[in-house]
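Chemist:
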Amino acid sequence: YLQDRIYAEIWLAGEDLDTYRRVAAAVGPLVRPPDVLVLLDGPVALLMERIAARGRRYEKSFTEGFVRRLRDTYRRRLAEETTAVVRVDIARRDLREAGERRWLVGRIGEALGRTRNHDTATL
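Heads up: the sequence shown at position 65 corresponds to 60 in the numbering used here, and the numbers run straight through without jumps.
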C-alpha cells in the first residue's frame, strides 16, 4: 500500500517519478486501502542487524543511510495516513517469539475494532 510510493520517492526522480505518480493516481482509486497498517520500527542499528540476519541477497547492499531514510520516510508517510496504524518497537517486541506475535494480533484486532467504529486513532 505505501511501500511502492515510498520506494518511488527514494529511487525515482524527474520524469520517472512524474510517470509513477500519474500511474499511481490513475490506479489508486481502484485499490481499497487497508483497514490497518503495521509499522515495525526501531533504532537503525537494530534494523541493520535484523536485515543482516535475514540474509536476503538484495538487502546486502542496504546502508545505514538508506535504512534511516527508508525508516524516516515511512514515519512521515504514516503520520499523514487516516488508516489505523499499529506501531511495533522492535527493540521492545521480538516478533520471532510466539507470545509477541499474539500481542501483535491483539493490537491489530483492537485497531480493526476502532476502524469499524470510524475511529482512526493510532495505537
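Glycine included, each C-beta is placed from N, C-alpha and C at the ideal position.
Please check the pair V80 and L34, which I expect to be a contact at CB under 8 Å, by giving their CB distance rounded to whole angstroms.
Modeler: 6 Å
Chemist: Distance check for G37 and I85, CA to CA, integer angstroms please.
Modeler: Approximately 5 Å between the Cα atoms of the pair.
Chemist: Give me the residue from M43, Y53, V18 with the minimum Cα distance to R66.
Modeler: Between R66 and the set M43, Y53, V18, the nearest pair of CA atoms involves M43.
Chemist: Beta-carbon within less than 6 Å of L99's beta-carbon, same chain only, minus the 5 sequence neighbours each way: which residues are those?
Modeler: none
Chemist: If V31 sits next to L107, beta carbons under 8 Å apart, how far is it from one beta carbon to the other, in whole angstroms?
Modeler: Correct: roughly 6 Å between the Cβ atoms.
Chemist: Taking the alpha-carbon of G60 as reference, which of V22, P29, I5 has the nearest alpha-carbon?
Modeler: I5
Chemist: What residue from P29, T58, R51 has the CA that sits closest to L(-3)'s CA?
Modeler: In this structure, P29 is the residue among P29, T58, R51 with its C-alpha nearest to the C-alpha of L(-3).
Chemist: Identify, in the order they occur along the chain, each residue of the same chain with its Cβ nearer than 8 Å to the Cβ of R72, setting aside the five sequence neighbours on each side.
Modeler: L(-3), R0, I1
Chemist: Residues in the same chain with beta-carbon distance under 7 Å from F57, minus the five sequence neighbours each way, listed in chain order, please.
Modeler: Contacts found: I46.
Chemist: Report the three-state DSSP secondary structure of D84 (helix, strand or coil).
Modeler: strand
Chemist: Which of the three DSSP states is assigned to V33 in this structure?
Modeler: Three-state DSSP puts V33 in a strand.
Chemist: Hey, how far is the Cα of L12 from the Cα of R82?
Modeler: 28 Å
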